[in-house]
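Student: Mind having a look at this structure? Questions to follow.
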Amino acid sequence: MPAEKTTIDRGGTTPGPGGGHAALARADRLYGRLLWILPAALRREYGAAMRQTFADLCAARVDARGRGLAPVLAHGVVDLVGGAAQEWAATLFARDRWHRRTAAAMCVLAGLLVLYSQVRYPANLPRIDYLAQYLLLLAILAALAHRFATGATASARTVVCALATLPAWLVGARFPVAAPGYVAAVIAVAAIGEAASDRMRFAGLRAGVAVGVLAGVTLLAVDVTTGIVGMNGLVHDPTYHAEFLRTGQPDPAAYIIGARICGGATLLLACVAAGAVLGLAASAGRAVTGSITRAG
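Numbering (the working numbering), first residue to last: 686 to 981.
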């Protein structure tokens, strides 16, 4: 005699003999909670149907005592997690979105590192000169993150080129002359590429400034991170130590972090200026080339 099936619908559970309905109800609730890992738009459109499909599968393969539930649940969870990963990848890395979100995330990361550094070494915060610089820098980073997230300020090429400057900053302490040259070359490549491929006026200038901003933000994040991680060695560095004694500040670690943040902010402005100059040159070169081509 075949086992009586147990069914689950969105309104509740129809119990079968043997008490297996309790396990099915728990599995249904678990699956319903796991649906929240899907992107919101997909969950709203397909969540109810997916949950009902899982319930139908349980009803077809699980007997009234709950036997056979484990493999069905495992299969359903694996499928759900795999599908969620694919959908999030498609959402986050869509061609018209991923670069803007990456650029915004770089600015947010730099801001969070600055905040964390002051939680870790807060001695400079009572000084109005340091506090004003920190607040101004955080406001700028927040504005940049918002701009990148909500507008098409940065293309995929500019974000990739900005990320490509990371190795230069990491080895900058060992090769201080080579790092700025490499970064300038990357900015020039991005500006020239945008000027050549984008027919909009001043595309090269916009790309150069965007890469300069993101390269400077990357440098700031690297500066703060290496300062926090390598603080034990930096406190005993003769250059930092002598400058710290000259300033008369109360805490050497806070002074070093403050110096690295302010230095990173200054170099961020330098990167923006270099991006503007190189981008303007790329735009001008594109305009001249276009004029010659039209004249020919």
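The beta carbon of each residue, even a glycine, is placed where N, CA and C say it ideally should be.
Does DSSP put residue 784 in a helix, a strand or coil?
Tutor: In this structure, residue 784 counts as helix in the three-state DSSP scheme.
Student: Does the distance from the CB of residue 946 to the CB of residue 822 come in under 8 Å?
Tutor: Yes; because the gap between Cβ atoms is below 8 Å, this pair is in contact.
Student: What first and last residue would you give for the alpha helix (DSSP H) that runs through residue 863?
Tutor: Unbroken alpha helix (DSSP H) run through residue 863: 863 to 882.
Student: Taking only three categories from DSSP, how would you classify residue 747?
Tutor: Correct three-state label for residue 747: coil.
Student: Hey, quick one: how far does the alpha helix (DSSP H) through residue 831 stretch, first residue to last?
Tutor: Looking at the DSSP string, the run of the alpha helix (DSSP H) that includes residue 831 is 813 to 835.
Student: Report buried or exposed for residue 971, applying the criterion of at least 16 other Cβ atoms within 10 angstroms of its Cβ.
Tutor: Looking at its Cβ environment, which holds 16 or more other Cβ atoms inside 10 Å, residue 971 is buried.
Student: In whole angstroms, give me the CA-to-CA distance for residue 791 and residue 731.
Tutor: When rounded, the distance between both Cα atoms is 33 Å.
Student: In chain order, what are the residue ranges of uninterrupted alpha helix (DSSP H) at least 4 long that sit wholly in the segment 909 to 959?
Tutor: You should have 916 to 920, 923 to 932.
Student: Residue 722 to residue 852, Cα distance in whole Å?
Tutor: Taking the straight line from one Cα to the other gives about 34 Å.
Student: Under a three-way DSSP split, which group does residue 962 fall into?
Tutor: Helix, per DSSP.
Student: By the 10 Å Cβ neighbour count, where 16 or more other Cβ atoms means buried, how is residue 982 classified, buried or exposed?
Tutor: Since the first residue of the chain shown is 686 and the last is 981, residue 982 is not available in this structure.
Student: Going by C-alpha to C-alpha distance, which of 762, 825, 744 sits closest to residue 718?
Tutor: Nearest C-alpha to residue 718: 762.
Student: Excluding the 5 residues preceding and the 5 following residue 844 in the sequence, name in chain order all residues of the same chain whose CB lies nearer than 7 Å to its CB.
Tutor: 784, 787, 788, 899.
Student: Using beta carbons (cut-off 8 Å, strictly below), is residue 869 in contact with chain D?
Tutor: Absent from the structure is chain D; it holds one protein chain and no more.
Student: Counting along the chain, where does the alpha helix (DSSP H) carrying residue 855 start and finish?
Tutor: It spans 851 to 855 - the alpha helix (DSSP H) in which residue 855 sits, taken as one unbroken run.
Student: Considering only C-alpha positions, which residue in the set 802, 962, 748, 745 is nearest to residue 891?
Tutor: Of 802, 962, 748, 745, the residue nearest in Cα terms is 962.
Student: Could you pull the start and end residues of the alpha helix (DSSP H) that residue 810 belongs to?
Tutor: Where residue 810 is concerned, there is no enclosing alpha helix (DSSP H), given that its DSSP letter is neither H nor E.
Student: Measure the alpha-carbon distance for residue 913 versus residue 903 and round it to whole angstroms.
Tutor: Distance between the alpha carbons of residue 913 and residue 903 is about 16 Å.
Student: Contact between the segment 798 to 814 and the segment 856 to 871 is defined here as three or more beta-carbon pairs at a separation below 8 Å; is this criterion met?
Tutor: No: fewer than three Cβ pairs fall under 8 Å.
Student: So, with DSSP's three-state summary, where would you put residue 674?
Tutor: Only positions 686 to 981 of the chain appear in the structure, and residue 674 is not among them; the question remains open.
Student: In whole angstroms, what separates the C-alpha of residue 949 from that of residue 767?
Tutor: Rounded to the nearest angstrom, the two C-alpha atoms are 41 Å apart.
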